[in-house]
Amino acid sequence: MKKYIILSVLFTLFGLVSCYDDDSSLGTKNIGDITIGTLEDASIISYSGNKLIREPEIETTYPDDQLTYAWYIYKEDQDKGFRTNKIDSVKNLSYEVNLPAGSYTIIFEATATANGYAATAEMKLAVSTTFSQGFYILKETVDWNTELDVYTQNGLVSDLLASTQGEALSGSPRDLSVGYSQAFIDTEENKMVNANTVCITTEQNKLICLRTVDMLKAFDNSNLLFEEMEADEEPYCLVRSLASIFYFSNKGIRSSSTSENSGKMGFPLDNGGSKHVQLVNGGFGGHVYWNNTKHRVMTVDYSCIAASEVEYNTEINQDNLECLSSGLNYVGGVETIYFLCQDKVSGTRYLYLLSGGKIVEIRPLSSALHLAQGGIIAGNGMTGTFIYSVHNNKLYAYNFDAETEIEIPVTGLPAGETISYIFNLYWNMGPFGDTSLNFDNIVIGTQKENTYTVYLYNIRGGQPYGDPVDKFSGEGKLKSVRYVCQLVVDQTAMLGPMYGYGPCFPY
């Protein structure tokens, strides 16, 4: 009996070996190589007929008829597996981009049909709409009202307020500021959202905040506050803080968190403010600002809980001073904030210099300096300890560190155009953000009758270098230029000075 059992077991084992040998032919199929060349990243304006075209280079041992292809796309903050959204099944892609603004990843996949072997390559796609990224231009119309243009890689779009809101904003322009990640209620979707906005104020005390993706009105005088805005309130500006949006007016300072909420502003802190506001240590040190009511430099903490005068022992009578300009300089890892003020009676100008939110000097300026006479003033942000001024249609730079002044020659400006604007515009994302969009330009604006022209210059040694790298023109009187990036600015990015790479953008 034992003999039959042993024979039965042996026959079973032989059968298993035979089955294994029959199926092992799958393992003998050749596995070839598929190598896909680098796919170049792209930036595209959406909803304008623009197409993403890519013709990948492939090195492979497989015949063409044994390969299949697929292209996939996903938004970087909504990764649910890259095969969720296939956009094409061809080798060479021609994809019309009609997507909401944002950062996307595109993946190309080549697969061998014989055995399923696949290789992939990916690229980044930055999608913007007509308004979501570019240079916004605040201007005065021929009838002394306020309008807005935007210049993108797709060209200039004029009169955004008239085209999206039905009319220009009444009153001459006062200020243009950018609110990154501002919270508000999307009335079209009936939900709380966060988005980048531009905020405009006028000398007739009008205010409007517009979502840059589509020019949807987030706020105006009627809904910015929980309570009704008083008729004599003078809105000055909205600025991004560490994790809040601050609103400055003649009634004081209000704030709202950048977390999802209604974005409305509560009761004011202190009283008085201005459009001259600067961030201290990326917002961790709060703000310093000029108070038009008290004629003093004030400070407010990042939580908007306490405001106080920045004290300094001086014999200067500050009660007659008005602020002309302010700026933040970050050269050599040292943060210096300036306020340039003028005595309304004597005409003497004083330069306030602050470090760490404290006044280190109030410097009377010699009347011989062009900075003491020029009507157009702006500071350098990150490449030189300069404050620029325009006097008699010439550009000068005052070195506040060395206390010297030089004339700066500017090339590429046609004869007959009057310099009407100067600003150092930059985008400076540190190691915690996307640095591919970084730039640093001197912006010079000129005026000829009712036509403005904006020239963008590279910077060398804190000065405009060479011919303009770009220029554009529009109708109206130029008042301000601000850059809006479509990227999300989070709290970590705001703390650039603490990490040694300076501020993200100028105020």
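Residues -19 to -1, 1 to 488 in mature numbering (1 follows the signal peptide of the UniProt record, and there is no 0) are what the sequence shown lists, from first letter to last.
All residues carry an ideal CB built from backbone N, CA and C; glycine is no exception.
Go ahead and pull the three-state DSSP assignment for Gly337. coil
Which same chain residues, not among the five before or five after Asp324, have their C-beta less than 7 angstroms away from its C-beta? Asn301 and Leu302
Just confirm the distance between the C-beta atoms of Tyr293 and Ile368, as a whole number of angstroms; I'd bet it's less than 8 angstroms. Not quite, the Cβ-Cβ distance comes to about 19 angstroms (not below 8 angstroms), so this is no contact.
Between which two residues does the beta strand (DSSP E) carrying Ser237 extend? Gly233 to Ser238
Per DSSP, which one or two residues make a beta bridge with Asp324? Leu302
If you compare alpha carbons, which of Arg192, Leu188 and Asp195 is closest to Ala212? Leu188
Would you mind giving the Cβ-Cβ distance between Ser27 and Leu80, rounded to the nearest angstrom? I have them listed as a contact below 8 angstroms. 5 angstroms
Under the three-state DSSP convention, the category Ser417 falls into: helix
What separation, rounded to the nearest whole angstrom, lies between the Cα atoms of Asp45 and Leu468? 40 angstroms
Contact set for Asp3: own chain, Cβ-Cβ below 8 angstroms, skip 5 residues either direction: Any reading at Asp3 must be qualified, since the residue scores a pLDDT of 37, below 50, and its modelled position is unreliable; the value itself is stated next. Excluding sequence neighbours, Asp3 sits near nothing in its chain.
Classification of Gly483 by the beta-carbon crowding that lies within 10 angstroms, buried from 16 upward: buried
Are the beta-carbon atoms of residue 489 and Val159 separated by less than 7 angstroms? The structure shown does not extend to residue 489, since the chain is modelled only from -19 to 488, so the question has no answer here.
Can you list the beta strand (DSSP E) stretches of 3 or more residues lying completely in the segment 387 to 412, in chain order? 399 to 408
Quick one: residues in its chain with C-beta nearer than 6 angstroms to the C-beta of Ile68, no 5 flanking neighbours on either side, listed in chain order? Trp52, Ile54 and Tyr76
Answer yes or no: do Tyr161 and Arg64 have a C-beta to C-beta separation smaller than 7 angstroms? no
Under 7 angstroms, do Gln114 and Cys485 count as touching if we go by C-beta distance? no
Please state whether DSSP places Asn380 in a helix, a strand or coil. strand
Going by beta carbon distance, what residues of the same chain come within less than 8 angstroms of Val71, once the five residues before and after it are set aside? Tyr50 and Trp52
Opposing strand residues paired with Phe165 [DSSP bridges]: Val174
Let me know if Tyr217 comes out buried or exposed under the rule of 16 or more other beta-carbons within 10 Å of its beta-carbon. buried
Tell me the start and end of each unbroken beta strand (DSSP E) in the segment 56 to 130 that is at least 3 residues and wholly inside, in chain order. 67 to 69, 74 to 77, 83 to 93, 99 to 109 and 115 to 121
So is Arg192 buried or exposed if we call it buried at 16+ other beta carbons inside 10 Å? buried
Can we say the segment 144 to 153 touches the segment 222 to 237, given the rule of at least three CB pairs closer than 8 angstroms? no
Might you give, ordered along the chain, the residues of its own chain that have their beta carbon closer than 7 angstroms to the beta carbon of Asp282, omitting 5 neighbours on each side? Gly267
Compare the beta carbon distance of Lys452 and Tyr436 with 7 angstroms and say whether it is the shorter of the two. yes
Leaving out five residues on either side along the sequence, give the residues of the same chain with a beta carbon under 7 angstroms from the beta carbon of Gly253. Asn231, Gly233, Asn272, Asn273, Thr274 and Lys275
Can you tell me whether Gln163 is buried or exposed, with buried defined as 16 or more other CB within 10 angstroms of its CB? buried
Ends of the beta strand (DSSP E) at Gln146? No beta strand (DSSP E) holds Gln146; the alpha helix (DSSP H) holding it covers Leu141 to Gln146.
Distance between beta carbons of Phe320 and His372, contact taken as under 8 angstroms: Not quite, the Cβ-Cβ distance comes to about 20 angstroms (not below 8 angstroms), so this is no contact.
Which term fits Asp448, buried or exposed, when burial requires 16 or more other beta carbons within 10 angstroms of its beta carbon? exposed
DSSP three-state call for Ala224: helix, strand or coil? coil
Buried or exposed by the 16-neighbour rule on C-beta atoms within 10 Å, applied to Gly442: exposed
8 angstroms contact criterion, which Pro457 and Thr122 should meet: CB distance rounded: Note on identity: in this sequence residue 457 is Gly, with Pro being the wrong assignment. Rounded, the Cβ-Cβ distance is 6 angstroms, consistent with contact.
Contact defined as beta carbons within less than 8 angstroms: I believe Leu157 pairs with Tyr117. What is the distance between those atoms, to the nearest angstrom? 6 angstroms
Under the three-state DSSP convention, the category Gly136 falls into: strand
For Gly338, count neighbouring C-beta atoms within 10 Å of its own C-beta (all shown protein chains included) and say buried if the count is 16 or more, exposed if not. buried
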